[in-house]
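Undergrad: Okay, here's the structure, questions in a sec.
In this note's numbering, the protein residues as written are 49 to 137.
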């Protein structure tokens, strides 16, 4: 199950970075096409990431401190890549 979480973490992190890249297009060029296309998939991946983190917590042996770091990493750019490197390998 942690393999699925790893995949979701990578996809969520990638979609977040792409969404951040798309924001200047929305506000500077008045083109919200990219944000619209990336917003919903990123939201779904974000929710799956949080749910999966709670589901595999015990299996992975994470205490509350580790779980907090893992969850907070989802709102920091490149944070899920750090989680993959530090907690999932």
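A virtual CB, placed ideally from N, CA and C, is assigned to each residue, including glycine.
Could you check whether residue 97 and residue 122 sit closer than 8 Å to each other, using their CB atoms as the reference points?
TA: Along the chain shown, read from residue 1 onward, the residue named residue 122 stands at position 74. Along the chain shown, read from residue 1 onward, the residue named residue 97 stands at position 49. Going by C-beta atoms, residue 122 is nearer than 8 Å to residue 97.
Undergrad: Are there three or more Cβ pairs, one per stretch, closer than 8 Å when the stretch 84-92 is compared with the stretch 50-66?
TA: Enough Cβ pairs lie closer than 8 Å, so yes.
Undergrad: Express the C-alpha separation of residue 74 and residue 115 in angstroms, rounding to a whole number.
TA: On the chain shown, residue 115 is found 67 positions in, with the first residue counted as 1. On the chain shown, residue 74 is found 26 positions in, with the first residue counted as 1. Each residue's Cα considered, the two are about 34 Å apart.
Undergrad: What do you reckon, are the CB atoms on residue 49 and residue 128 nearer than 8 Å?
TA: For this step, residue 49 is matched to residue 1 along the chain shown. For this step, residue 128 is matched to residue 80 along the chain shown. No, these two residues do not count as a Cβ contact at 8 Å.
Undergrad: On a Cα-Cα basis, can you pick out the residue from 94, 124, 112, 126 that is closest to residue 53?
TA: The count along the chain shown starts at 1 and reaches residue 53 at position 5. It is 94.
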